[in-house]
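As numbered in the working numbering, residues 746 to 1040 make up the sequence shown, in order.
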Amino acid sequence: MIPVANLPPWLILDPLLQSWLAEDIGRGDRTTQALWPNQIAAPLGQAELRLKQSGVIAGLALFQRVFHLLSSEVIVKPLVKDGEACQLGTVVAELQGPISALLMGERVALNLIMPLSGIATLTRTYADQIADLSTQLVDTRKTTPGFRILEKYATQVGGAMNHRLGLDDAVMIKDNHIVAAGGIGEAVSRIRQQIPFPLAIEVETETLAQVQLALAHQVDIIMLDNMDADLMATAVKLIQANHSAHSIKIEASGNINLQTIRAVAETGVDFISTSATITQARWLDFSLKFMNESE
């Protein structure tokens, strides 16, 4: 089953895509425009987008949109869907249209689908480790500036759930907030007086004493950060044994990798957050080959 993932509307994405095209094209594509000075009379071309290694596809709509912004005459026909796991050599899409638009959009389009598919591929590997358990994999805010909404889309395609997209999505009281405010209780009390309803409050904890404080102040989510599996299991039991904590969600974070994620999930946490699905992902390799290049 392919996970459900939705891109933001083009109203949000088009300015980003246009800025990336402008960055690459600059004052003009010297090579393409020298070959065909009259872009209106540029010949038509056909091309195939082909996988050079196996992986999960993400970003096909963005790939398609890049060429559409350059010319409405370009037709991109996807042959697979985002979220599909495809093998080496798979033809992912077919393209046809003015060769000038195909050439000018090639690099930007590939620079989108390659990293996003790499993120989706690694995320799927992580998600598969805990697919039979109730724990949900989530991403983090460790993202590339300007690229966050797309990287988080790719983790959804891979099978993760998005954590907050920005600081305005939820309250997360981290270790530095706790120190600066003078403790968990002081931080929660002051924040609760200021935030709008129904914003959730999450507290990062590293010890059982901090977990007990978070419980006492009835926060919505307790993060168990950088705990070993035994301590985390004890913390989960402590939270679950608290009768007033029936609705508190438990998140695990810190030192999550492919070797540890299952043991962490087996402690009974609701969510596991990791930046690895984005920060450690490698680009998935594609090629865009023309079928009738001019001599």
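For each residue, glycine too, the CB sits at the ideal point set by N, CA and C.
Asked, Found
"Does the beta-carbon of Gln901 have 16 or more other beta-carbons within 10 angstroms, so that it is buried, or is it exposed?", "buried"
"Run the proximity test for Ser845: is its beta-carbon closer than 7 Å to any non-hydrogen atom belonging to the ligand NAD?", "The ligand NAD is not among the ligands present in this structure, which contains no ligands whatsoever."
"Can you tell me which of the three DSSP states Phe1031 falls into?", "strand"
"Since Gln791 and Phe942 are thought to touch, with beta carbons under 8 Å apart, how far apart are those beta carbons, to the nearest angstrom?", "About 56 Å; that fails the 8 Å criterion."
"Just the Cα atoms here: how many angstroms apart are Pro748 and Gly800?", "15 Å"
"Does the pairing of the region 879-889 with the region 1010-1027 give three or more beta-carbon distances under 8 Å?", "yes"
"Taking the alpha helix (DSSP H) that Arg1007 belongs to, which residues open and close that run?", "1006-1010"
"From the DSSP output, in three-state form, read off Glu931 for me.", "helix"
"Taking all protein chains shown into account, do 16 or more other C-beta atoms lie within 10 angstroms of the C-beta of Lys826, making it buried, or fewer, making it exposed?", "exposed"
"Determine the DSSP secondary structure at Gly790, reduced to helix, strand or coil.", "strand"
"Mind checking Pro754: buried by the 16 CB within 10 Å criterion, or exposed?", "exposed"
"Rounded to whole angstroms, what is the Cα-Cα separation between His962 and Gln955?", "11 Å"
"In whole angstroms, what separates the C-alpha of Ala779 from that of Leu867?", "41 Å"
"Please name the residue, chosen from Arg772, Arg775, Ala750, Gln841, that lies closest to Leu1033 on a Cα-to-Cα basis.", "Gln841"
"Count the other CB atoms, across all protein chains shown, that sit within 10 Å of the CB of Thr889; report buried if there are 16 or more and exposed otherwise.", "exposed"
"What residues are listed by DSSP as bridge partners for Pro753?", "None; Pro753 has no bridge partner."
"Take His813 and list the residues in its own chain whose beta-carbon comes closer than 7 Å to its own, dropping the five residues that flank it on each side.", "Val819"
"What did DSSP end up calling Pro1063 once you bin it into helix, strand or coil?", "There is simply no residue 1063 to check, as the chain begins at 746 and stops at 1040 in what is shown."
"Which two residues bound the contiguous beta strand (DSSP E) that contains Leu833?", "First-last for Leu833: undefined, no H or E at that position."
"Do the CB positions of Ala838 and Ile864 come within less than 8 Å of each other?", "no"
"State the CB to CB distance for the pair Ser862 and Leu758, rounded to an integer number of angstroms; the pair is presumed to be in contact (CB under 8 Å).", "Their Cβ separation, rounded to whole angstroms, is 17 Å, which puts Ser862 and Leu758 out of contact at 8 Å."
"Looking at Thr950: is its Cβ nearer than 8 Å to the Cβ of Asp975?", "no"
"Gly903 by DSSP, collapsed to three states: which one?", "helix"
"Short of 8 Å in beta carbon distance, which residues of its chain neighbour Leu944, apart from the five on each side in sequence? Order them along the chain.", "Ala915, Val916"
"Under 8 Å between the Cβ atoms of Glu1011 and Leu847?", "no"
"Flag Ile844 as yes if its beta-carbon sits less than 8 Å from any beta-carbon of chain C, otherwise no.", "No chain C appears in the structure shown, which is made up of a single protein chain."
"Could you pull out every residue in the same chain whose Cβ sits closer than 8 Å to the Cβ of Gln957, ignoring the five residues on either side in sequence?", "Leu983"
"Could you tell me the distance, in whole angstroms, from the CA atom of Ile918 to the CA atom of Ile940?", "13 Å"
"Give the straight-line distance between the Cα atoms of Leu756 and Pro782, rounded to the nearest whole angstrom.", "31 Å"
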